[in-house]
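S.K.: Okay, handing you the structure first.
In structure tokens, the structure reads:
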């Protein structure tokens, strides 16, 4: 009887040892190099666009591949939801928090709470405007000002031989968000050097196709002579195309269109000549995020700013790239 009890105890201890080594991650995750699984709390802006959906998938797939346990929340484009999610992650004592801020301002209090709990934070896709950069370890994402400049540079080149006024309408992203602020600023900086470029209307479309259509319809009614539309993302531009066609005009010809993102639907519209130029903003940040998270938890130094590499597309380039587009 004693031998039987000893054998059962040994089997139990062996099973516990195997479970601890595996960590539920196949041994691929690790904090501090000890093979322990990493738990990441991730708060996403929402699902407002094709870009955002691709970004979410990239993060989720990359976490799985890296052996990172991901606690995911969708803020539905509301800052209060993100703050609530971050506080929940702090209470759950996750190893690291990552989030894409809905807006730039108003994060100091909750980020200080994470810092006090010794939980590191990584910003993805969008920045915050806090002067205290010790509240987060790094910011991974695009240079939105540069994206705006690229859009403006194409426009300047497109109209370099024209002396007539060029009337521009602008569909901005979510009010107060980093991409909306920076894409507007970069674009304005470039076109501001020439007085012929005039932004006759500028309004938020919340990065959504439906709102882009609605606002563009209003623009067309109040501004009959529109030469160019600059949309802060493809989805708003695609919505605007519906409004332009509904008004009996030809998108890409009667009104030239510049957008940002280069998601598959936008690239198709560019290939079809309905959009004239797209500035790329890649959503596939997941692999870099998981790599940075592991380094931060191990105590390794990481850059304060990690910029993603991106390009631009005209119609011919879009045709060539479309078949292999991942998002």
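Numbering (the numbering used here), first residue to last: 620 to 946. Ideal Cβ placement from N, Cα and C applies to all residues, glycine included.
Please classify residue 899 as buried or exposed, where buried requires at least 16 other C-beta atoms within 10 Å of its C-beta.
M.R.: buried
S.K.: Hey, is the segment 789-801 in contact with the segment 914-924, meaning 3+ C-beta pairs nearer than 8 angstroms?
M.R.: no
S.K.: Apply the 10 Å Cβ neighbour rule to residue 869 and answer buried if 16 or more other Cβ atoms are within range, or exposed otherwise.
M.R.: Classification for residue 869: exposed.
S.K.: Please report the straight-line C-alpha distance between residue 930 and residue 848, rounded to a whole angstrom.
M.R.: 20 angstroms
S.K.: What does a CB cutoff of less than 6 angstroms around residue 863 pick up in its chain, not counting 5 residues either side in sequence?
M.R.: 870, 874
S.K.: Would you call the segment 761-773 in contact with the segment 806-820, where contact means no fewer than 3 C-beta pairs closer than 8 angstroms?
M.R.: yes
S.K.: Do you know how far the Cα of residue 749 is from the Cα of residue 633?
M.R.: Interpretation of residue 633 is limited by its pLDDT of 37, a score under 50 that renders its predicted location unreliable; the figure taken from the coordinates is listed afterwards. Cα-Cα distance, rounded: 50 angstroms.
S.K.: Give the DSSP-derived three-state secondary structure of residue 760 in the structure shown.
M.R.: strand
S.K.: Which of helix, strand or coil does DSSP assign to residue 849?
M.R.: strand
S.K.: Following the continuous alpha helix (DSSP H) through residue 732, name the residue where it begins and the one where it ends.
M.R.: 727-735
S.K.: Between the segment 666-684 and the segment 699-715, do three or more beta carbon pairs fall short of 8 angstroms?
M.R.: Contact fails: fewer than three Cβ-Cβ distances are below 8 angstroms.
S.K.: As an exercise, report each continuous beta strand (DSSP E) stretch of at least 3 residues that is fully enclosed by the segment 794-850, in chain order.
M.R.: 816-823, 847-850
S.K.: Can you give the Cα-Cα distance for residue 740 and residue 697, rounded to whole angstroms?
M.R.: 19 angstroms
S.K.: With a threshold of 6 angstroms on Cβ separation, who are the neighbours of residue 831 within its own chain once the five nearest residues in sequence on each side are excluded?
M.R.: 790, 824, 855, 858, 859
S.K.: Can you tell me whether residue 703 is helix, strand or coil according to DSSP?
M.R.: helix
S.K.: Roughly how many angstroms lie between the CA atoms of residue 720 and residue 833, to the nearest whole one?
M.R.: 25 angstroms
S.K.: What separation, rounded to the nearest whole angstrom, lies between the Cα atoms of residue 941 and residue 785?
M.R.: The alpha-carbon atoms of residue 941 and residue 785 are separated by roughly 30 angstroms.
S.K.: Helix, strand or coil for residue 940, going by three-state DSSP, please let me know.
M.R.: Residue 940: helix per DSSP, three-state reduction.
S.K.: If you draw a straight line from the alpha carbon of residue 735 to that of residue 745, how long is it in whole angstroms?
M.R.: 23 angstroms
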